[in-house]
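K.L.:
In the working numbering, the protein residues as written are 987 to 1338.
No residue lacks a Cβ here, since even glycine has one placed at the ideal position from N, Cα and C.
(1) Terminal residues of the continuous alpha helix (DSSP H) containing residue 1149?
(2) Apart from the five residues just before and just after residue 1155, which ones in its own chain have a Cβ nearer than 7 Å to its Cβ?
(3) What separation, rounded to the nearest whole angstrom, lies between the Cα atoms of residue 995 and residue 1031?
(4) Nearest to residue 1088 by CA position, among 1075, 1135, 1100 and 1099, is which residue?
(5) Between the Cα of residue 1163 and those of 1178, 1182 and 1135, spot the shortest distance and give me the residue it belongs to.
(6) Return the chain-ordered list of same chain residues with a C-beta closer than 6 Å to the C-beta of residue 988, the five sequence neighbours on each side being excluded.
(7) What are the boundary residues of the alpha helix (DSSP H) that includes residue 1048?
(8) Let me know if residue 991 comes out buried or exposed under the rule of 16 or more other beta-carbons within 10 Å of its beta-carbon.
(9) Decide if residue 1020 is buried, meaning its Cβ has at least 16 other Cβ atoms within 10 Å, or exposed.
(10) Is it buried or exposed for residue 1122, if we count other Cβ within 10 angstroms and need 16 for buried?
(11) Could you name the residues of the same chain whose beta carbon sits closer than 7 Å to that of residue 1002, not counting the 5 residues immediately before and after it, in chain order?
(12) By alpha-carbon positions, which one of 1324, 1282, 998 and 1006 ends up nearest to residue 1022?
(13) Taking the alpha helix (DSSP H) that residue 1130 belongs to, which residues open and close that run?
(14) With distance defined between alpha-carbon atoms, name the residue in 1070, 1174 and 1100 nearest to residue 1113.
(15) With a 10 Å radius around its C-beta and 16 neighbouring C-beta atoms as the bar for buried, classify residue 1073 as buried or exposed.
(16) Can you tell me where the alpha helix (DSSP H) with residue 1162 in it begins and where it stops?
(17) DSSP three-state label for residue 1294, please.
(18) So residue 1313 and residue 1106 are supposed to be a Cβ contact under 8 Å. How far apart are they, rounded?
(19) What distance in whole Å lies between the Cβ atoms of residue 1124 and residue 1115, which are believed to be in contact at a cut-off of 8 Å?
(20) Among residues of its own chain, excluding the 5 on either side of residue 1009, which ones have a beta-carbon nearer than 6 Å to its beta-carbon?
(21) For residue 1318, collect the residues of the same chain with a Cβ closer than 8 Å to its Cβ; drop the 5 residues on either side in sequence, then sort them by chain order.
(22) Alpha helix (DSSP H) containing residue 1023: first to last residue?
(23) Just mark residue 1320 as buried or exposed, buried being the case when its beta carbon has 16 or more other beta carbons within 10 Å.
(24) The alpha helix (DSSP H) with residue 1094 in it runs from where to where?
(25) Check whether the Cβ atoms of residue 1061 and residue 1223 sit closer than 9 Å, and answer yes or no.
(26) What's the gap between the Cα of residue 1322 and the Cα of residue 1034?
(27) Which of the three DSSP states, helix, strand or coil, is assigned to residue 1226?
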């Protein structure tokens, strides 16, 4: 199903390249023809079952790896914008109403996020670095901890405050917490089970019948905690992007066309008193149709990799084999996201 969705959205991404206004005939395809779109999606889904086993699955795995890497970066950008908007709204409410509760709320959530991030770091050092051969985990945790401290300091520098008055520790705290999640997610994909104890064994203080070190290497669960958390974050970011794009504000920079912004859609009241919808994209579309489908294409690949726990197809289906590529992809995405965050807090990653 994820393969079909990826192909479907990539097809429409290619079709919608260059659409600038609703006068383009392809805009009608974007906003209509739903019956035929569902037929195409169903057709691709059925056809996917006839793809023979072999090289294709190995190649498709790496497509999923690259797509997931890009989508993790997009999630980070969306979280940055969410934190920026949250901080901006609450600060404005506090300044306009002289109610200090807004500042107290910001401080409370900032402290909470940092407390959770620090707690995560401590737990990671306790449970994911115990054996001597878990050097990679020690490096991952230490580096991301240092990077989170750096972005926290940078976010309150006078130059940054001058460029973006609403930048602050709330954004840094949310990104720090998300970075710790990505670090945890990466470590749970380590095929070395001595360095990768299951969450259930940690909660139960290690099962009496089997310890993490005694289990066969590389075997992971179909249903795990980090996968569920990943899907929850995915749903939140997708919902947030949809809401923000519909209001044509900050997040819409990700999907904005080069030629301009569409006017805000407003209903017009006719002489008969009936409100009628008006086409607000005659001059320019409010978002890039092509990038919208590209975003959903990457999301489909991310869902595929999350649901399969980054399963590598050249291994036995009876023992879900995690792989180091998944570890490095997640860590690299966290480093790239943290590296680009301080450059311009108002326009993450300098996307148009």
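P.N.:
To lay it out plainly:
(1) Element bounds for residue 1149: 1144-1149.
(2) Sequence-distant partners of residue 1155 (beyond 5 residues in either direction) whose C-beta falls short of 7 Å from its own C-beta, in its chain, are 1096, 1138, 1141 and 1142.
(3) The straight-line gap from Cα to Cα measures roughly 13 Å.
(4) The option with the nearest alpha carbon to residue 1088 is 1075.
(5) Considering only alpha carbons, the answer is 1135.
(6) Same-chain partners within the cutoff: 1286, 1289 and 1290.
(7) Here the alpha helix (DSSP H) through residue 1048 covers 1041-1083.
(8) Classification of residue 991: buried, given that the 10 Å Cβ count is 16 or more.
(9) Exposed, by the Cβ-count rule.
(10) Residue environment analysis places residue 1122 among the buried positions, since at least 16 neighbouring C-beta atoms fall within 10 angstroms of its C-beta.
(11) Counting only Cβ-Cβ distances below 7 Å, and skipping sequence neighbours, we find 1012, 1016, 1275, 1276 and 1279.
(12) Out of 1324, 1282, 998 and 1006, 998 has the C-alpha closest to the C-alpha of residue 1022.
(13) Per DSSP, residue 1130 belongs to the alpha helix (DSSP H) from 1121-1140.
(14) Closest by C-alpha distance to residue 1113, out of 1070, 1174 and 1100, is 1174.
(15) Note on residue 1073: 16 or more other CB atoms within 10 angstroms of its CB, so buried under the neighbour-count rule.
(16) Residue 1162 -> alpha helix (DSSP H) spans 1155-1173.
(17) If DSSP states are grouped into helix, strand and coil, residue 1294 belongs with coil.
(18) Here residue 1313 is actually not in contact with residue 1106; their C-beta atoms are around 17 Å apart, not less than 8 Å.
(19) Sure, about 5 Å apart at Cβ, within 8 Å.
(20) For residue 1009, where only same-chain residues beyond five positions count, there are no Cβ hits under 6 Å.
(21) Counting only Cβ-Cβ distances below 8 Å, and skipping sequence neighbours, we find 1055.
(22) Its alpha helix (DSSP H) spans residues 1020-1034.
(23) Residue 1320 is buried by the Cβ-count criterion.
(24) Note, residue 1094: alpha helix (DSSP H), 1087-1113.
(25) Contact check for residue 1061 against residue 1223 passes: the beta carbons are separated by less than 9 Å.
(26) Straight-line Cα distance between these residues: approximately 34 Å.
(27) Residue 1226 falls in the helix class under three-state DSSP.
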